[in-house]
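Notes follow once the structure below has been shown.
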């Protein structure tokens, strides 16, 4: 499947918000291709499941998207790429780490005006809500 590397490259280089409709449309196109415009006989989630559990290991596009955006979050946490951080954080009043761990009610509006920062932070909050107890954020509160 040669479309996966192309979409993964786009997900990694352009971290913008993509809604559910985008992924539903991709899934619809894939289903049409697999079933040759006929009625699907197996649901898509079963096809996207791991081969050891009886699936066909089709890519879950939304999961790939979330993982690609998490790479940008990793750059925020590690602070290795100073050039990107200074370019995208030129108007920040607080540090990058403050925005990753602050509560939902305390969001700063100036941070969300930036398209890339807003999409990265929304992706992070979705993952944080889903895996809240699994993330050892207590160790990072001092940052």
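Numbering (this note's numbering), first residue to last: 476 to 618. Each residue gets a CB set at the ideal place from its N, CA and C atoms; glycine is no exception. Predicted model only: the values in this text are computed from it and were never measured.
Closest residue to residue i among the options (Cα-Cα distance)
i	options	result
residue 481	540, 590, 549	540
residue 543	577, 485, 503	485
residue 479	590, 533, 546, 604	533
residue 496	549, 603, 537	537
residue 424	574, 590, 519	The shown model of the chain, from 476 to 618, leaves out residue 424, and the question about it has no answer.
Buried or exposed by the 16-neighbour rule on C-beta atoms within 10 Å, applied to residue i
i	result
residue 617	Interpretation of residue 617 is limited by its pLDDT of 49, a score under 50 that renders its predicted location unreliable; no figure is taken from the coordinates.
residue 551	buried
residue 488	exposed
residue 490	buried
residue 597	exposed
residue 595	buried
residue 493	buried
residue 592	buried
- Query: In chain order, which continuous runs of the beta strand (DSSP E) of length 3 or greater are located wholly inside the region 478 to 545?
  - Reply: none
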